[in-house]
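Numbering (this note's numbering), first residue to last: 897 to 1088. By construction, the Cβ of each residue, glycine as well, lies at the ideal position given by its N, Cα and C atoms. Here the structure is a predicted model, which means the values were calculated and not measured. One structure is given here, and the rest of the page talks about it.
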Amino acid sequence: MKSRFNFAFLFILFNLSLYSQEYRGPTWVNLEDGMTNTLKFTNTDILKSSNGLTFKATWKEDLDLSDEEYAYGGISELHVYKGQRHIQTIKNIVDYIALGYVNLTFFDYNMDGYLDFTVPISCGGSCYEKYYLYNPKTKMFTHQKEWDYLRIWKFNKATKQIRSVPDGNAMNAKHYLYKVDGLKLIKVKTIE
């Protein structure tokens, strides 16, 4: 009886070691909240990000924007500093959700080694983001309109690809596969 047990144990152990040698780890990783860092602006404030940048926000209760139907509040000016040096000013980051705050959520969204950030632009059944990607050539964050409304589900750093969160319902869901090329987002295919 004992020898059968030992044989079975060794058989299982041998098979596990065979398969563990073939396992290379996941290439697709889910984007999870723990991977991002967030700065929350509720008024005029100065906050520091994890990448050593300082963000000085000027809050305004009603941003008077000619292209907006409503007078939303938000950050009228966001000054970005590296140490004592002013890098750039971003104007009119709107609180479209009307929660009384704007979150800047940091992550390397385009997988180039630099932290980027998003701000919410719409929330209903799902939340959508506006993307500001760091451009290493200009050393500034630039709004990338083609990324707006992208909801990242998974990313693959090896192939620089992103899968969007499936849209629809359990019976009719589709998502998209994108290739990241620097600051550009290229739709590769629709997955049904």
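- Less than 9 Å separates the beta-carbon of Glu1025 from that of Thr1001.
- Looking at the DSSP output, Arg1059 bridges to Lys1050, Leu1073.
- Counting only residues of its own chain and dropping the five nearest sequence neighbours on each side, Val1084 has a CB closer than 7 Å to the CB of Leu1073, Tyr1074, Lys1075.
- DSSP places Ile942 in the uninterrupted beta strand (DSSP E) bounded by 941 to 944.
- Distances from the CA of Thr985 to each of Thr932, Leu995, Thr1014, Thr954 were compared; the closest alpha carbon is that of Thr954.
- The Cβ neighbour count for Thr1034, taken over all protein chains shown within 10 Å, is under 16; the residue is labelled exposed.
- In its chain, beyond the 5 residues on either side, His975 have a beta carbon closer than 7 Å to the beta carbon of His982.
- Less than 9 Å separates the beta-carbon of Asp1012 from that of Tyr1027.
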